[in-house]
Amino acid sequence: MADEESQNGNPDSDRLARGKARLAEITGRSGAEVMAALGEIAPDFARYIFEFGYGDIYSRPGLDLRTRMLSTVAGLVALGHAERELEVHIGSALNVGATREEVVEVIMQMALYAGFPAALDALFIARKVFAERGLTPPQG
Numbered sequence: 001m002a003d004e005e006s007q008n009g010n011p012d013s014d015r016l017a018r019g020k021a022r023l024a025e026i027t028g029r030s031g032a033e034v035m036a037a038l039g040e041i042a043p044d045f046a047r048y049i050f051e052f053g054y055g056d057i058y059s060r061p062g063l064d065l066r067t068r069m070l071s072t073v074a075g076l077v078a079l080g081h082a083e084r085e086l087e088v089h090i091g092s093a094l095n096v097g098a099t100r101e102e103v104v105e106v107i108m109q110m111a112l113y114a115g116f117p118a119a120l121d122a123l124f125i126a127r128k129v130f131a132e133r134g135l136t137p138p139q140g
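Just so we're aligned: 62 in UniProt numbering is position 62 of the sequence shown, and the numbers increase by one with no gaps anywhere.
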């Protein structure tokens, strides 16, 4: 149905399709888990994530995806209470070309602004993501 609406010029359908495609590009997943998880409680909220978050913001031309994802990691570290999102977005940063070292540096930078506890928690989340991907720490 979304494809049919998109062909009929429905801008919301275009945003939804663009958002789903961008999410898949960044995370390597379809986003079906988000839709399923929120389906019973707030299906519109899932649609907003796709349309606004990924269809509008993550699809803007002003920054490359690597920079956007590193910025997202920084913002989530600063929040200090978004462990699930931080785990997803650290993985997404790696998916779009950020290195392990860049992710660690961004998190460490946030200690100045978000505090050491927030940075420390984020480093432990990063360690988990790195281990799941077989990314070992540099030797030296």
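Ideal placement from N, C-alpha and C gives every residue a C-beta, glycine not left out.
For this session: Flag this pair as yes or no: are the beta carbons of Ala114 and Val103 separated by less than 8 angstroms?
Result: Looking up residue 114 in the sequence shown gives position 114. Looking up residue 103 in the sequence shown gives position 103. No, the Cβ-Cβ distance between Ala114 and Val103 is not below 8 angstroms.
Exercise. With distances taken between CB atoms, is the gap from Ile125 to Glu101 smaller than 8 angstroms?
Worked result: In the sequence shown, the residue the question calls residue 125 occupies position 125. In the sequence shown, the residue the question calls residue 101 occupies position 101. No, Cβ-Cβ distance for Ile125 and Glu101 is not below 8 angstroms.
Problem set entry | Rounded separation between Glu4 and Pro11 - CA only | For the purposes of this step, residue 4 is taken as the residue at position 4 of the sequence shown. For the purposes of this step, residue 11 is taken as the residue at position 11 of the sequence shown. Its pLDDT being 41, under 50, Glu4 is placed unreliably by the model, and nothing is read from it.
Problem set entry | Lys128 versus Ala17 - alpha carbon distance | Position 128 of the sequence shown, counting from 1, holds the residue named residue 128. Position 17 of the sequence shown, counting from 1, holds the residue named residue 17. Taking the straight line joining both Cα atoms gives about 31 angstroms.
For this session: Spatial neighbours of Ile26 within its chain, please: CB distance less than 8 angstroms, with the 5 preceding and 5 following residues excluded, ordered by chain position.
Result: For this step, residue 26 is matched to residue 26 along the sequence shown. Result list for Ile26: Tyr54, Tyr58, Leu65, Met69, Ser92, Asn95, Val96, in chain order.
Problem set entry | Closest Cα partner of Arg15 within the set Met35, Arg47, Val34 | By 1-based counting over the sequence shown, the position of residue 15 is 15. Out of Met35, Arg47, Val34, Arg47 has the C-alpha closest to the C-alpha of Arg15.
Exercise. For His89, does the count of other Cβ atoms within 10 angstroms reach 16, so buried, or fall short, so exposed?
Worked result: Here the question's residue 89 lines up with position 89 in the sequence shown. Burial state of His89 is buried, judged by a 10 Å Cβ sphere holding 16 or more other Cβ atoms.
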